[in-house]
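Order-wise, the sequence lines are chains U and F. For the first sequence, full-length UniProt numbering assigns the number 1 to the initial residue and increments by one for each residue that follows. For the second sequence, full-length UniProt numbering assigns the number 1 to the initial residue and increments by one for each residue that follows.
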Amino acid sequence: REALGEDAELKVAQVEEEQRRSHKQIEESRQRLAKLLFDGTQMVTNIQVAADLRETQRRAEEAELKLQRVEKLENEAKSSTYKFEEITSKWALAKEMTIPQELWQLLNQQQQQCALLLEEKNKLIGELQQELKNKDEQYVWAIKKQSDDIHLLLERMEEQIRLMLKTYRHELLQIEKAFELERRELLDNNRKKWEEAIQAHNAQELEYLHARMRKVEEFEKQLNQLRVQDEEEYNSMKIQLENDVQNLERQLQQMKAVYQLNQEKLEYNLQVLRKQDEENTIIRSQQKRKLNRLHSLLNNLRTKLANQKKQFREENHSLAADCERITGQCKEVQRRMRHFAISDAEKFTEVWLMNEEEAKGLMQKALNADRVIHTQQLGLPWEEPRYWFLNNVGPLGHYKVKRMATKLAAEVLTVGSGEGGKENTAKVEGRVTPLRNISKKTAKRILELISDESGFLIESKLLRSLQALGRHERTLMKLDSIFAALKIDSEDDLYQLVDFFLKYKAKEMAVSQGRWLLGGRRWWKAHCPACWPSLQSQGSPGAEDVTDLAEDREDGGSGAQRDKLKSPRSSLGSLPSVYIHADDVLKILKAFVRGFDKLREKDKSAKEVLQVRDSSKDGEYWEALAHVIPEPRLKLWDALAVALEEYYEILTRRASLLAEAALLQQQNSELCLLLEEYISSGVNSKLLSPPTKWMDLNLSCPGEAQ
Amino acid sequence: YYTYRVIEDPEWSLATVPHLTELCLQHIIHNFEKNPILDRLLPEHQRKVLDRLSTGLPLAVTANLISDEDYWKRCCTERWQACDISNYGDSWKQMFFERHLENILKCFIPNTTDPNQVLELIPLCKDYVRKLEVDQFLPPVQTAQKEERDDLSNTGSDFGFSEVSIHHYDLGVLITALPHLEELHLTYGVKDCGMNFEWNLFNFTHQDCCNLAVAVKMCHNLKVFKLTRSKVDDDKTRLLVRNLLDHPCLVELNLSHNLIRDKGAQAVGKLINHSRLQTLDLCNNQIHHLGAQALARALAENSTLTSLNLRLNCVEDKGGKAIGRALLTNTTLKSIHLGSNNLSEPTATLFSQVLAQNTSLTSINFSCNHLGLDGGKQLLEGLANNKALTEFNLRLAEVGQETEYLIHQIVWANREAARLGSLQHPRAKLI
């Protein structure tokens with residue numbers, strides 16, 4: 001059934017139409033068959049169910065019977081035991097019996113009772129055996145019944161199978177019929193449709209044919225018309241063309257005439273050209289020959305040129321080698337010269353020093369003598385002469401000892417002190433540099449700014465200890481350490497720094513104001529690198545010449561811009577109160593340090609150049625040393641010498657007189673001694689009137705009186 | 001010579017002389033037993049040889065050499081009248097070997113038949129046997145006691161003479177040697193004993209049970225195990241169940257027509273949740289309400305069992321209600337048979353609830369119970385909204401004709417719906 005149903009369903013799926021006769025038929029058949037199958041199964045299984053029921057009933061009865069039997073058996077056992085006890089109890093009675101009759105009677109009774117008991121038991125056994133027999137019979141019956149059932153079952157199954165087969169066949173037939181019918185219908189339908197379609201098609205075809213015929217006729221008519229038209233056109237065209245032909249023929253003849261004329265002309269030309277050609281060939285051969293000659297000449301020249309080239313190259317090589325050698329020699333000589341110059345300078349200084357020492361010693365002697373004369377002889381107050389050369393040691397014209405940057409800073413900060421010297425140097429340089437003219441105020445401002453803003457360059461330890469100091473000192477200390485960090489040691493560097501600040505500011509302003517945007521920017525770019533050496537040289541008068549040379553070179557290169565340069569510088573200097581913002585300081589410092597390192601490099605190279613000294617002042621110097629004692633004083637000394645000689649004479653006279661006096665005194669004292677001897681002798685006392693008595697006693701010791 | 005022969009013998013013709021190949025094939029067929037040549041022949045020659053080979057050739061030669069179905073078909077049809085190939089995996093060879101082995105086992109008499117008869121067959125048939133259906137095991141013959149027994153047969157056969165050697169053939173060696181065995185149907189009993197009936201012939205001893213249980217445990221591919229009409233009691237059931245616990249393949253277990261009581265049922269209940277059982281048949285046993293309750297407990301937790309048969313037991317209302325309660329939670333069981341179980345109205349009441357809630361049950365059988373008219377009505381009420389049930393057997397259940405008819409209508413409608421659903425489903429899949 002399932003298979004059938006599925007087949008049907010598959011068919012349905014293929015056809016995809018729900019309400020179709022075949023489908024309906026299949027569904028009906030399926031349902032009928034299912035019902036039939038169910039009924040059949042029911043019928044067959046009914047037997048099993050019935051058997052089950054019988055079995056359960058039998059079991060229930062069995063259980064009941066079993067219960068009854070057990071009860072019965074128990075009852076029986078109870079009653080029999082009771083009876084048996086009764087019997088046994090009577091045996092005891094029997095023992096007491098003495099009368100035989102009674103005993104016999106009793107025994108009889110006992111026998112009867114035992115028999116009764118046995119009979120009952122036997123009966124029970126019989127009953128049970130009967131039951132067993134019944135059971136056997138029942139078993140046989142049950143077996144029979146079961147075999148019947150099985151037969152019935154088989155019968156029913158067979159019947160069922162037959163029935164099912166029959167119905168299946170029937171249904172199959174029905175379904176097939178339904179399908180057949182449907183198919184036939186479908187066929188009919190399709191055929192009808194087909195025929196209709198064919199008819200419609202035929203009709204349409206006919207229509208098309210008619211339409212085509214009509215069109216063909218139309219086209220034919222059109223064709224005829226066109227033909228006639230074309231013929232007319234053709235005729236007219238023909239006439240026109242004939243006319244054209246005639247015209248053209250006429251023209252052709254004209255052209256022919258022209259052609260002949262031309263031909264003659266051309267022939268003539270040809271002749272001329274041939275002649276020319278011949279001439280040309282001659283000329284060409286000549287030229288060829290010439291060309292060959294020239295070629296050989298050229299070759300000769302080329303070889304010559306090559307030879308010369310070689311020669312020159314060799315020469316060149318040798319000259320280059322010479323040049324190299326000479327330059328090497330030159331360098332060597334230079335080096336030696338430098339070395340000698342240095343050694344000369346050293347020797348010079350040594351000799352100078354020695355001479356100077358000697359001169360100074362002499363001078364000192366003279367001065368000392370002068371002093372002695374003045375103080376001791378003349379009693380005048382002596383004043384030590386103050387001359388510029390007195391303090392000079394070493395060769396004249398030595399560099400001014402450079403002040404340290406910090407010192408300068410200190411100076412700058414304490415405005416108004418040590419200005420003179422600086423101005424002097426400025427004058428010595430002879431060229432007014434705007435840098436030096438930066439107002440002190442501005443410089444001070446800048447330095448203060450630097451010290452305030454670049455505290456990070458100072459060591460923290462130092463910074464802490466600075467707190468205790470005053471403002472001015474603190475600034476100084478700070479600057480000191482900042483300069484150490486930036487490696488600024490000379491005053492030049494400091495000037496550069498300040499100058500850089502100002503320039504930077506100026507540039508800033510130029511950018512902001514745009515006043516001399518073009519010029520300023522250009523000169524800045526052109527001059528900045530060139531300016532530095534000149535700026536640097538300003539600090540060292542000894543290197544002036546070199547810088548001058550540099551300046552000269554510069555002048556040649558950019559003399560035109562010099563004027564421009566000066567004007568902004570002056571303007572720069574005239575901006576005393578340039579305000580520099582604190583924030584810009586670091587930026588400027590950074591830019592400065594970057595540029596500064598480059599400068600240092602240049603600086604070193606510049607320093608190598610030997611410094612040449614001038615000896616113009618030397619004569620003067622030595623002259624001055626010689627005339628340390630002025631002319632009037634020498635005159636004084638002469639006069640003094642005369643006076644002293646006179647004085648000396650007097651003194652010598654006095655000395656001789658003194659010697660005389662001493663001699664006389666000695667004689668006197670000798671006489672005194674003699675006198676005293678005489679007086680003190682014994683004779684005196686013997687005399688009645690000693691001379692002593694009347695003589696002055698004062699005469700006794702003339703030495704004392706002296 | 002030919003001409004001479006032709007002239008001499010007018011009946012002689014060249015056509016009657018067989019071809020050499022024919023002769024060779026003939027020879028091969030005649031000597032197949034000693035020198036089996038088959039694989040080296042051309043296909044058409046193979047065909048011829050196979051068609052003409054004798055069916056009486058020893059199996060040792062043919063078993064592993066010939067795989068041709070037609071040959072084995074001839075063997076089968078010559079040996080047995082009824083041959084239903086569909087029961088044997090549509091393979092004649094399988095059928096032949098299975099039935100051959102079954103015949104040998106049926107006729108095997110322990111201590112008398114040579115066990116080698118079976119053992120020799122094992123290497124030949126082990127690749128083809130998938131199912132063993134043995135409905136007879138002969139007990140050992142005891143000649144000395146047999147005469148005695150004849151005398152004593154009247155007084156009672158259950159005399160203690162057969163403790164030792166009445167065990168049946170031990171299947172262990174055979175079963176474990178068959179790697180493809182999937183089904184095992186056994187009945188320890190004697191067929192066609194007729195008037196020689198003795199209780200003794202139907203004794204499934206404890207030793208037998210032990211051997212069988214161990215053998216089944218070793219048989220890892222076993223899917224179906226049936227042990228029917230063999231006097232399996234509680235102890236033996238427990239022994240079997242202990243060995244079947246956590247069996248990797250077992251799907252169907254049939255212990256019908258035995259003597260299983262509540263304890264055995266409890267053991268089986270334990271087995272349900274420790275295996276992959278899908279079908280369990282315990283019909284015609286002596287399971288009472290305790291056993292049914294144990295089964296119900298197992299059923300409530302189970303998710304593999306799809307069919308349960310408790311026909312002809314004594315479950316009664318207590319057990320029926322327990323099973324009904326289990327079915328309120330169970331969602332896998334599809335078919336349950338509670339026929340002839342002395343059930344009555346309370347069970348019907350509970351099952352009406354089950355019918356209203358459960359959507360997996362498709363088949364219920366309550367035949368031969370005492371459900372009563374009210375019980376039938378309650379079942380009808382419960383069934384009113386059920387769409388899953390397609391089979392509901394209430395024959396001889398005292399529910400009244402009208403109720404039965406109405407229930408039948410509902411079930412029929414459900415069945416139609418299910419059929420349509422199953423038709424729609426594959427069609428949807430096809431699209």
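All C-beta atoms, glycine included, are put in the ideal place defined by N, C-alpha and C. Here the structure is a predicted model, which is why all the values come from computation and not from measurement.
In the structure shown, Thr279(F) adopts extended strand secondary structure according to DSSP, grouped into three states.
By the neighbour-count criterion, in which 16 or more other beta carbons inside 10 Å mark a residue as buried, His337(F) falls on the buried side. Rounded to the nearest whole angstrom, the CA to CA distance from Glu264(U) to Ile283(U) is 29 angstroms.
DSSP lists no beta-bridge partner residue for Glu180(U). Per DSSP, Glu252(F) is one residue of the beta strand (DSSP E) stretching across Glu252 to Asn254.
At a cut-off of 7 angstroms between beta-carbon atoms, Asp39(U) makes no contact with chain F. By the C-beta density criterion, Gly189(F) is buried, having at least 16 other C-beta atoms within 10 angstroms. With distances taken between CA atoms, Lys365(U) lies nearest to Val628(U) out of Thr167(U), Ile482(U), Tyr234(U) and Val628(U). For Thr56(U), the neighbours in chain F by C-beta distance under 8 angstroms run, in chain order, Leu312, Ser340, Asn342 and Cys368. For the 7 angstroms CB-CB criterion, Thr77(F) and Asp135(F) do not form a contact. In summary, no residue of the segment 250-283 of chain F has a CB separated from any CB of chain U by less than 7 angstroms. With 16 or more other Cβ atoms inside 10 Å of its own Cβ, Val498(U) counts as buried. DSSP, read as helix, strand or coil, puts Val49(F) in helix. Runs of beta strand (DSSP E) with 3 or more residues, each lying fully within the segment 41-68 of chain U, are absent. Residues of the segment 381-411 of chain F with a C-beta less than 7 angstroms from any C-beta of chain U: Arg395 and Leu396, listed in chain order. When secondary structure is reduced to three states using DSSP, Leu651(U) falls in the helix class. Residue state for Ile336(F) is assigned as strand, using DSSP reduced to three classes.
Of the residues Leu106(U), Glu120(U), Glu61(U) and Ser29(U), the one whose Cα lies closest to the Cα of Ser89(U) is Leu106(U). Residue environment: Ile198(U) is assigned as exposed (fewer than 16 neighbouring CB atoms within 10 Å of its CB, all protein chains considered). In the displayed model, Ile37(F) falls within coil according to three-state DSSP, outside both helix and strand. Within the segment 123-154 of chain U, no residue places its CB atom closer than 8 angstroms to a CB of chain F. For the C-beta of Val49(U), the chain F residues within less than 9 angstroms are, from N- to C-terminus, Gly339, Ser340, Ser367, Cys368, Asn393, Arg395 and Leu396. Excluding sequence positions up to five before and after Pro36(F), its CB lies within less than 6 angstroms of the CB of Val61 and Leu65, all in the same chain and listed in chain order.
What Asn46(U) touches in chain F, judged by beta-carbon distance under 8 angstroms, is Arg395, going in chain order. In this structure, DSSP gives Glu133(F) an extended state, which the three-state scheme calls strand.
Lys223(F) and Gln25(U) have their C-alpha atoms some 43 angstroms from each other. With respect to the 7 angstroms criterion, Ala397(F) and Asn369(F) are classified as neighbours on the basis of their beta carbons. At least one C-beta of chain F is nearer than 7 angstroms to the C-beta of Leu53(U). Counting only the Cα atoms, Lys123(U) lies some 47 angstroms from Asn365(F). Rounded to the nearest whole angstrom, the CA to CA distance from Lys360(U) to Leu625(U) is 8 angstroms. Per DSSP, reduced to three states, the secondary structure at Ile364(F) is strand. In the same chain as Cys219(F), and ignoring 5 residues on each side of it, the C-beta atoms closer than 8 angstroms to its own belong to Ile175, Thr176, Leu178, Leu181 and Leu184, in chain order.
With a cutoff of 7 angstroms on beta-carbon distance, Arg40(F) and Thr55(F) are scored as not near each other.
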